[in-house]
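For reference, the structure discussed in these notes is given below.
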Amino acid sequence: MLKRLFWSGVQFALPIAFGAWLGPRFGPTTALAAIAIGALVLALLGAWLLRGSTTGQLNWRNHAAGWLLPKGWWLGSCQLPGMVGSSVLFTVLAAAIGALGHDNLPLMGAFVLNGIALYHLLRTFRQHTAGTSGARTTGTLLLVVVLLIAAGLGLQFAGWPRLAALVAGGPPAVVGLLAGGWLLLLLTLGRNARWN
């Protein structure tokens with residue numbers, strides 16, 4: 002579990018680092034376009050490796066494709082075209098965090114928090130049947146996260162970097178602190194309690 006989380010974090014951090022390195026040198030638009038082209042080429046290579054692998058066998062092709070198609074199963078539904086699109090989308094979104102927030106570290110941290118929330122909410126949303134209460138609740142949370150990201154970007158471009166970081170990162174930070182505090186409370190006080 003920890004190993005999987007570590008490598009998932011590495012796959013998330015690499016595009017952010019590339020975006021933060023290329024953004025100030027070539028501008029966000031050029032940097033993201035270059036990263037999108039590179040991600041598409043790598044994703045197509047990963048899809049080619051998967052097409053050449055035998056079903057049911059786990060070999061070097063599968064492991065290499067896992068790196069070339071980061072989070073390809075996120076929205077891909079195990080279909081190669083969807084996996085390629087999902088992988089490119091994930092890479093560009095992660096790179097945008099670095100390219101747009103490289104000169105505002107608190108805002109970059111806020112985008113990371115919102116990106117993680119968006120990723121997990123999309124996974125949860127796909128597991129619900131359309132029209133159910135779970136789908137509506139998750140959809141509402143998705144909309145809130147997207148609005149937080151959009152508000153942070155708008156305020157950053159308008160010249161209010163501190164307010165951008167506060168608006169984009171404040172709500173997820175508060176939710177994270179409350180959830181962490183509740184978990185800590187359960188681990189300490191509820192360790193020996195009986196749950197009937």
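Per the numbering used here, residue 2 is the first one in the sequence shown, and the count goes up by one each step. Here a beta-carbon is modelled for each residue, glycine too, at the ideal position from N, C-alpha and C.
Quick check on this structure: which residue in the options has the alpha carbon closest to the alpha carbon of residue i?
i      : options                           : result
Phe13  : Leu69, Ala166 and Gly24           : Leu69
Ala18  : Leu59, Thr31, Gly39 and Ile98     : Ile98
Val176 : Ala166, Pro16, Ala118 and Gly83   : Ala118
Phe112 : Pro173, Gln128, Thr139 and Thr133 : Pro173
Gly20  : Leu46, Ala95 and Val11            : Ala95
Leu142 : Arg163, Tyr120, Gly155 and Leu46  : Tyr120
Arg127 : Leu188, Ala100 and Gly140         : Gly140
Pro71  : Gly53, Val42, Asn60 and Leu59     : Val42
Leu101 : Trp161, Leu154, Leu185 and Leu184 : Leu154
Gly24  : Ser87, Phe91, Leu59 and Asn105    : Asn105
Buried or exposed for residue i, please, with buried defined as at least 16 other CB atoms from any protein chain shown within 10 angstroms of its CB.
i      : result
Ala159 : exposed
Val85  : buried
Ala151 : exposed
Val11  : exposed
Gln157 : buried
Pro82  : exposed
Ala180 : exposed
Ile36  : buried
Span of the alpha helix (DSSP H) holding residue i?
i      : result
Asn115 : Leu106 to Gln128
Trp68  : Trp61 to Leu69
Ala159 : Segment: none, Ala159 is in no alpha helix (DSSP H) and carries neither H nor E.
Thr30  : Pro29 to Arg52
What do you reckon, are the CB atoms on residue i and residue j nearer than 8 Å?
i      : j     : result
Val122 : Val93 : The question names Val, yet the displayed sequence has Leu at residue 122. No, the pair does not count as a contact, with Cβ atoms beyond the cut-off.
Ala205 : Leu45 : The question about residue 205 has no answer here: the residues shown for the chain are numbered 2 through 197.
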